[in-house]
Amino acid sequence: MASRLRVALFECERLEEHLAPSVFKRTGGYATLLQRAFDHFSTSSESSSLPSIELKAFDVKAEQYPADVQQFAGVLISGSLSGVYDKEPWISRLLQEIEILDRMKVKTCGISFGHQAIVQALGGQVGKNPKGSEVSVRTATLTKAAQQLFGTERQDFRLHYHHNDAILRLPDKFWPLASNNVTQHQSVYRPSHFLTFCGHPDYSHNVEVLERLLEYDRENLWVHEQLVEHGLETLQQPTDYLWVLKQIVRFYSGALDRQKPTNV
Numbered sequence: 001m002a003s004r005l006r007v008a009l010f011e012c013e014r015l016e017e018h019l020a021p022s023v024f025k026r027t028g029g030y031a032t033l034l035q036r037a038f039d040h041f042s043t044s045s046e047s048s049s050l051p052s053i054e055l056k057a058f059d060v061k062a063e064q065y066p067a068d069v070q071q072f073a074g075v076l077i078s079g080s081l082s083g084v085y086d087k088e089p090w091i092s093r094l095l096q097e098i099e100i101l102d103r104m105k106v107k108t109c110g111i112s113f114g115h116q117a118i119v120q121a122l123g124g125q126v127g128k129n130p131k132g133s134e135v136s137v138r139t140a141t142l143t144k145a146a147q148q149l150f151g152t153e154r155q156d157f158r159l160h161y162h163h164n165d166a167i168l169r170l171p172d173k174f175w176p177l178a179s180n181n182v183t184q185h186q187s188v189y190r191p192s193h194f195l196t197f198c199g200h201p202d203y204s205h206n207v208e209v210l211e212r213l214l215e216y217d218r219e220n221l222w223v224h225e226q227l228v229e230h231g232l233e234t235l236q237q238p239t240d241y242l243w244v245l246k247q248i249v250r251f252y253s254g255a256l257d258r259q260k261p262t263n264v
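As structure tokens, this is what we get:
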């Protein structure tokens, strides 16, 4: 029987503030979305003999953090509607905590905002995406190093997206793993320590949440109307979220540590 890994979830958004009560009751916040996605992965053909994931959520907007993060197999940093460069106390604290995770060598994975926060905290640069917003289902092309790291011949993967920002410059020792024609850094990696994805494997199992967030974008004029319409039309397209979750679980379990890509 596969083991179970406990992972600390740094929850960076309160989705109940942006979803109708009836929707939130069905979907929950990021902690629920991600736990359901990992549970679904555990019962899928992708899981093989990999461990399952048990998340323990911490509301980092309230500056709540684990007393002893080393009790966990790693940390997962969620998405958010905020920008990592926003001058908010909770974001400053989060970036400081990521620096601590770096020094402690805690395995840390970031999704969307979390992907950007890791880079921003460790010396990279994040800003408005020069090529604009990316929403709904998009394809990212894997680098040769990523194919070697993940042990795959696949050329690309598809996920749900919801972002206006992008990584403009990587920190030292980070590898680019995937890109597309809108966002240069779709996934990045620092060996044995950090793994990030710009897209959302959590939305792929719960598209109702992204549908509401796209409506929220339209109401607040954050995303062009035509792009919102395209996003809503493509929400139901299939994604490779189970494959992405597999790589995240392999990362926490140490399986990626044994890979030594030569095309970095």
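According to UniProt numbering, the stretch in the sequence shown is residues 1 to 264, in order. Quick reminder that beta carbons are idealized off the backbone N, C-alpha and C, glycines included. Small disclaimer: the values here were computed from a predicted structure and weren't measured.
Problem set entry | Buried versus exposed call for GLY114 [16 or more other C-beta atoms within 10 Å across all chains shown] | buried
Exercise. If you check the beta carbons only, do GLN120 and LEU95 fall under 8 Å apart?
Worked result: yes
For this session: With hydrogens ignored, establish whether the beta-carbon of GLY28 is closer than 7 Å to any heavy atom of the ligand ADP.
Result: Looking at this structure, you won't find the ligand ADP or any other ligand, since it has none at all.
For this session: Mind the definition here: the segment 55-71 touches the segment 95-108 only if three or more C-beta pairs lie below 8 Å; say whether that holds.
Result: yes
For this session: Tell me whether the beta-carbon of ALA8 lies closer than 8 Å to the beta-carbon of LYS87.
Result: no
Problem set entry | Spatially closest choice to LEU76 from ARG138, THR152, TRP243 and VAL106, by CA coordinates | Closest option to LEU76, Cα to Cα, is VAL106.
Exercise. Taking all protein chains shown into account, do 16 or more other C-beta atoms lie within 10 angstroms of the C-beta of LYS260, making it buried, or fewer, making it exposed?
Worked result: With fewer than 16 Cβ atoms within 10 Å of its Cβ, LYS260 is classed as exposed.
Exercise. Should GLU46 and LEU242 be called a contact, given that it needs their Cβ atoms to be closer than 8 Å?
Worked result: yes
Problem set entry | Per-residue burial, PRO89 [other beta carbons within 10 Å of its own, 16 or more giving buried] | exposed
Exercise. Measuring CB to CB, does PHE251 end up less than 8 Å from LEU195?
Worked result: yes
Exercise. Which partner residues of ALA145 appear in the DSSP bridge assignment?
Worked result: Partner(s): none; ALA145 has no beta bridge.
For this session: Give the straight-line distance between the Cα atoms of LYS128 and GLU219, rounded to the nearest whole angstrom.
Result: 20 Å
For this session: Taking GLN226 as the reference, give the member of GLN247, GLN236 and LEU214 with the closest Cα.
Result: LEU214
Exercise. Going along the chain, which residues of its own chain have a beta-carbon closer than 6 Å to the beta-carbon of ASP240, five neighbours each way excluded?
Worked result: Result list for ASP240: PHE157 and ARG158, in chain order.
Problem set entry | Residue interval of the alpha helix (DSSP H) (run including ALA117) | Run containing ALA117: 113-121, per the alpha helix (DSSP H) assignment.
Problem set entry | Chain-order list of residues whose beta-carbon lies under 7 Å from that of ASP172 (same chain, five-residue window excluded) | GLY123
Exercise. Does the separation of the CB atoms of SER193 and ILE167 fall below 8 Å?
Worked result: It should be noted that the sequence gives His, not Ser, for residue 193. Going by C-beta atoms, HIS193 is not nearer than 8 Å to ILE167.
Exercise. By DSSP, does GLN125 sit in helix, in strand, or in coil?
Worked result: GLN125: strand per DSSP, three-state reduction.
Exercise. Taking C-beta to C-beta, are GLU13 and LEU81 nearer than 8 Å?
Worked result: yes
Exercise. Closest to SER253 by CA distance: which of ALA117, GLY83 and CYS109 is it?
Worked result: When only C-alpha atoms are compared, the closest one is CYS109.
Problem set entry | Those runs of the beta strand (DSSP E) which lie wholly inside the segment 172-237 and span at least 3 residues | As far as the segment 172-237 is concerned, its whole beta strand (DSSP E) runs of at least 3 residues are 175-179, 187-190 and 194-197.
For this session: Taking only the alpha-carbon atoms, compute the straight-line gap between MET1 and VAL228 and give it to the nearest angstrom.
Result: Any reading at MET1 needs caution, since the residue's pLDDT is 41, under 50, leaving its predicted position unreliable; the model's value is listed next. Distance between the alpha carbons of MET1 and VAL228: 44 Å.
For this session: For my contact list, ALA31 and GLU11 are in at a C-beta cut-off of 8 Å; report their separation, rounded to the angstrom.
Result: 6 Å
Problem set entry | Within 8 Å, strictly: CB atoms of LEU142 and ALA178 | If you check the CB distance, LEU142 and ALA178 come in under 8 Å.
Problem set entry | Neighbourhood of residue 273 by C-beta distance below 6 Å, restricted to the same chain and skipping five residues each side | Here the chain covers residues 1 to 264 and nothing more, so residue 273 does not appear.
For this session: Run the CB neighbour count on ARG169, radius 10 Å, all protein chains shown included, and call it buried at 16 or more, exposed below.
Result: It counts as exposed.
Exercise. Using a Cβ-Cβ cut-off of 6 Å (strictly less than) and excluding sequence neighbours within five positions of ILE248, which residues of its own chain qualify?
Worked result: CYS109
For this session: Could you name the residues of the same chain whose beta carbon sits closer than 7 Å to that of ARG258, not counting the 5 residues immediately before and after it, in chain order?
Result: none
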